[in-house]
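Chemist:
In this note's numbering, the protein residues as written are -5 to 561.
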């Protein structure tokens, strides 16, 4: 930067804008921060599901669940359920928490050996063996683990949330940003002023005012008014890996909160995409993410109707799902629902930080919401931005590091989500045939210089597929979960170092490294946690009792007085 950063302008509101303002105003109380947003442009407001890493953001703001959840219709999330992704009728999970490898000889390898010796072992046994939360997920219960009975699971750091992202942004605005002195400007940005070196010198507003700062954050959504519009930063599409480009979504009423308010995000693979199901406290959010090319030149729909556009065909497909699924008890009201349509752009700009502009959220990049990376990408950019701004001076080296790390993270998200499609066993529609046969998993990126491990994913595909060693994936913890769910066990484990044991197991012999003690531990743990889950409150009941309608504790003095009178 050409001068110290003392003033920051955030262009755009929504969850990305107000998350930025909240974090920066907390971390840098002496900075002058203003947020400019149009009074007329609505926010996208679809990102309602998070990952457990959101807790580090909440901790940095000093927020507890009782502070904000009720204001945002939030519920808890213990993991993600993937239905019909590998084959129709099958489901697997991405549970949250640290894998419990106690009493194993070589960690996850013990289970791979078990599966090799006993091929009939269901893949969900993997999650049940290593994740303490699985009984809670199966029974839709909540156990806060205050007594530490669930190994590898922390309620405060591992549990994620379903939330109304728009309300979350408004909560941050009213409870943190404005009290911290953030200036809220409700005007349209009419013109972006720049100098010859492409540094932004000011923003001309619709009321005639011009405001300026040392650093500008672009939170203007897919429009990317500053990063793309003013600075012309190239955009790298991920379309060759992630085919989906549109989504229909709507809100559904509850019929039975005890049953329908699940403690997981439910993702269901469909003929030409997939469908999300996100339970908030007041309603359910659902949407159909699809590849619009699959609906081009479609001669007719199932009911014989013709003349529909490609997106209208997709909407009818979505309605058909809602009407036919057993999960939805209110399918008879589908035609009365309000459906909204959004365009999805999978990809990101070449750099997140150019001159004095940093792209945050959709303005920088986006990965379709299968793994709930929307708000996570905002958080990742902000945490690294704050770390950089805490340096005595922000130089070119720090900016380059910032750009490389954030691009690596986006590439990792792309690859991680991509394998949910490319490893599928489905071939029943043209969409799934293309996902599994034509999608290019190639990590060759841009003119940013990565070390060799990140340059060419295609050359390393065999090793990655077999060993779960995925270059560019920033959250290796989830990779084995997805691979196991997709029936892809390591066969050439260069990183795991267990080839010999697996070969022995494939010959029907029990390797020395596999101990009966391990299986006994898994069985006993499952049985014990299953009993805990049986007695735990339902997800809905726990939320009602602790967040939404907490029971007030009687004053202890009154109790003592009653006891004294009884004597």
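We treat Cβ as the ideally placed atom computed from N, Cα and C, and that holds for glycine. Note that this is a predicted model, so its numbers are computed, not measured.
Quick check on residue 231: buried or exposed, where buried means 16 or more other Cβ atoms within 10 Å of its Cβ?
Modeler: exposed
Chemist: I'd like to know whether the C-beta atoms of residue 86 and residue 479 end up nearer to each other than 8 Å.
Modeler: Cβ atoms of residue 86 and residue 479: closer than 8 Å.
Chemist: Within the stretch 231 to 292, note down every full alpha helix (DSSP H) run reaching 4 residues or more, in order along the chain.
Modeler: 251 to 254
Chemist: Do residue 257 and residue 150 come within 8 Å of each other at the CB atom, strictly closer than that value?
Modeler: no
Chemist: Out of 76, 369, 372 and 164, state which residue places its alpha-carbon closest to the alpha-carbon of residue 475.
Modeler: Looking at the Cα atoms, 76 is the closest of the given residues.
Chemist: Quick one: does the C-beta of residue 75 sit closer than 7 Å to a heavy atom of the ligand ZN?
Modeler: Looking for the ligand ZN in the displayed structure turns up nothing, as the structure carries no ligands at all.
Chemist: Let me see if you follow: with CB-CB separation under 8 Å, is residue 224 close to chain B or not?
Modeler: Within the model displayed, chain B is absent; a lone protein chain is all it includes.
Chemist: Does the beta-carbon distance from residue 194 to residue 350 come in below 8 Å?
Modeler: yes
Chemist: At which residues does the beta strand (DSSP E) containing residue 383 begin and terminate?
Modeler: Where residue 383 is concerned, there is no enclosing beta strand (DSSP E), although the alpha helix (DSSP H) it sits in stretches over 368 to 383.
Chemist: Can you grab the Cα-Cα spacing for the pair residue 534 / residue 259, in whole Å?
Modeler: Looking at the two C-alpha atoms, the distance is approximately 15 Å.
Chemist: Looking at the strands, I want to know which residues DSSP matches up with residue 114.
Modeler: According to DSSP, residue 114 bridges with nothing at all.
Chemist: Per the DSSP calculation, residue 429 is bridged to which residue(s)?
Modeler: Looking at the DSSP assignment, residue 429 forms no beta bridge with any residue, so it has no partner.
Chemist: Please classify residue 616: is it buried, with 16 or more other beta-carbons within 10 angstroms of its beta-carbon, or exposed?
Modeler: The requested residue 616 does not occur in the structure, where the chain is confined to residues -5 to 561.
Chemist: Cutting at 8 Å between CB atoms, please list the residues of its own chain near residue -2, excluding the five before and the five after it.
Modeler: 208 and 387
Chemist: Between residue 14 and residue 90, what straight-line distance do the alpha-carbon atoms span, to the nearest angstrom?
Modeler: 26 Å
Chemist: By how many angstroms is the C-alpha of residue 70 removed from the C-alpha of residue 546?
Modeler: 22 Å
Chemist: Is the stretch 217 to 228 in contact with the stretch 188 to 207, if contact means three or more CB pairs nearer than 8 Å?
Modeler: yes
Chemist: How about residue 242 and residue 333: do their beta carbons lie closer than 8 Å?
Modeler: yes
Chemist: I need the boundaries of the alpha helix (DSSP H) containing residue 562, first residue and last residue.
Modeler: Any question about residue 562 goes unanswered here, given that the chain covers just -5 to 561.
Chemist: According to DSSP, simplified to helix, strand and coil, what is residue 309?
Modeler: helix
Chemist: Which residue spans inside the stretch 87 to 172 form an unbroken alpha helix (DSSP H) run of at least 4?
Modeler: DSSP runs (the alpha helix (DSSP H)) wholly in the stretch 87 to 172: 103 to 111, 118 to 124, 128 to 133, 149 to 152 and 159 to 166.
Chemist: Which partner residues of residue 2 appear in the DSSP bridge assignment?
Modeler: When DSSP reads this structure, residue 2 sits in a beta bridge with 27 and 209.
Chemist: With a threshold of 16 other CB atoms inside 10 Å of the CB of residue 17, please say whether the residue is buried or exposed.
Modeler: buried
Chemist: For the 8 Å Cβ check, are there 3 or more pairs between the stretch 135 to 145 and the stretch 522 to 530?
Modeler: yes
Chemist: Kindly indicate the opening and closing residues of the beta strand (DSSP E) around residue 472.
Modeler: It is not in any beta strand (DSSP E) - residue 472 carries neither H nor E in the DSSP assignment.
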